[in-house]
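Enquirer:
Below, the structure written as structure tokens:
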């Protein structure tokens, strides 16, 4: 092969690599070299791990919904404050035992997930970072993340906190929702479907969306992402839903999704800026 042909192949390879990986971002952990990461530790950005799940979201939304939304929120925040956060590669699987009746769901056992997330946090600590936030896109990951974050906090110098993204935006969600409370915003309902419509409407099958309020009525047990019942209850998902939906996706709109996405992004930025300088007392053994 002549020099001209070799050069052409090289240029095409570089262009293909850029298409695959996108523009290099200083706020993405895996876009940096090892020396660059070591240098960034000196600035003490907040390290963010996003985590979601692969599970059913009714007949109208794709399996990647939990991953897609939380990943997009985190990336929007990274673009806005690149010097203040550092985003780890997204972790796409979650605790899903209760959703395994629905085809396509991928389940990671809770003990494996606790240890994996904790190992990520302990690795972050080893490299000199001292603040970590876990941004969650899947409700049933929360008890697992609680234990993982406790392990990171108790076995390293990192301060690790975790949250599920809707809690950053409860006032706006409550103000603009049109579905019933409780129950309209539970699983693949008005909130999640609206954000997907805003971010990428093409895969959303609104022609198949239908409300499902069949969750048994109770003054103690009810599911809604803006406020859960006082008693926790996590049965097999197929016991409380026919097609996987819990709530009312027919009330979803792209405009609501844009409003809620922007509000959540703004609050996330506030959280990072506060947590980055937040200080706790030094722990001490009182024996």
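Numbering (my numbering), first residue to last: 36 to 322. Cβ atoms here follow ideal geometry from the backbone N, Cα and C, with glycine treated the same way. All figures in this text were calculated on a predicted structure; none of them were measured in a lab.
1. For the structure I just gave you, are there three or more beta carbon pairs, one from the region 180-191 and one from the region 211-221, closer than 8 Å?
2. Could you name the residues that DSSP lists as bridge partners for residue 81?
3. Per DSSP, what kind of secondary structure is residue 230 in: helix, strand or coil?
4. Got a sec: does the ligand ZN put a non-hydrogen atom nearer than 7 Å to the Cβ of residue 146?
5. If you drop the 5 nearest sequence neighbours on each side, which residues of the same chain put their C-beta closer than 8 Å to that of residue 165?
6. Give me the Cα-Cα distance between residue 172 and residue 178, rounded to the nearest whole angstrom.
7. In angstroms, rounded to a whole number, what distance separates the CA positions of residue 296 and residue 235?
8. By Cβ distance, which residues of its chain are closer than 8 Å to residue 117, with the 5 residues on each side in sequence left out?
9. If you draw a straight line from the C-alpha of residue 209 to the C-alpha of residue 302, how long is it?
10. Where does residue 250 fall in DSSP's three states?
11. Counting along the chain, where does the beta strand (DSSP E) carrying residue 197 start and finish?
12. Quick one, are the C-beta atoms of residue 94 and residue 240 less than 8 Å apart?
13. The alpha helix (DSSP H) with residue 308 in it runs from where to where?
14. Is residue 221 helix, strand or coil by DSSP?
15. Since residue 87 and residue 129 are thought to touch, with beta carbons under 8 Å apart, how far apart are those beta carbons, to the nearest angstrom?
16. So who's on the other strand from residue 129, going by DSSP bridges?
Expert: The short version:
1. no
2. Within the chain shown, numbered from 1, the residue matching residue 81 stands at position 46. Paired residue(s): 120.
3. Translated into positions along the chain shown, residue 230 becomes position 195. Three-state DSSP puts residue 230 in a helix.
4. The ligand ZN is absent from the structure shown, which contains no ligand whatsoever.
5. Counting from 1 along the chain shown, the entry for residue 165 is found at position 130. Correct list, in chain order: 79, 192, 193, 194.
6. Position 137 of the chain shown, counted from the first residue, corresponds to residue 172. Position 143 of the chain shown, counted from the first residue, corresponds to residue 178. Distance between the alpha carbons of residue 172 and residue 178: 13 Å.
7. Against the chain shown, residue 296 aligns to sequence position 261. Against the chain shown, residue 235 aligns to sequence position 200. Cα to Cα, residue 296 sits roughly 13 Å from residue 235.
8. Translated into positions along the chain shown, residue 117 becomes position 82. Cβ neighbours of residue 117 beyond the five flanking positions: 60, 61, 62.
9. The residue labelled residue 209 in the question sits at position 174 within the chain shown. The residue labelled residue 302 in the question sits at position 267 within the chain shown. Cα to Cα, residue 209 sits roughly 15 Å from residue 302.
10. On the chain shown, position 215 is the one that residue 250 refers to. Correct three-state label for residue 250: coil.
11. Position 162 of the chain shown, counting from 1, holds the residue named residue 197. Start and end: 194-199.
12. Taking the chain shown and counting its residues from 1, one reaches residue 94 at position 59. Taking the chain shown and counting its residues from 1, one reaches residue 240 at position 205. Contact flag set, yes.
13. In the chain shown, residue 308 corresponds to position 273, counting from 1. Note, residue 308: alpha helix (DSSP H), 289-312.
14. Taking the first residue of the chain shown as position 1, residue 221 is located at position 186. Strand.
15. Here the question's residue 87 lines up with position 52 in the chain shown. Here the question's residue 129 lines up with position 94 in the chain shown. Confirmed, Cβ separation roughly 6 Å.
16. Walking along the chain shown from the start, residue 129 turns up at place 94. In the DSSP output, where bridge partners are listed per residue, residue 129 has 142.
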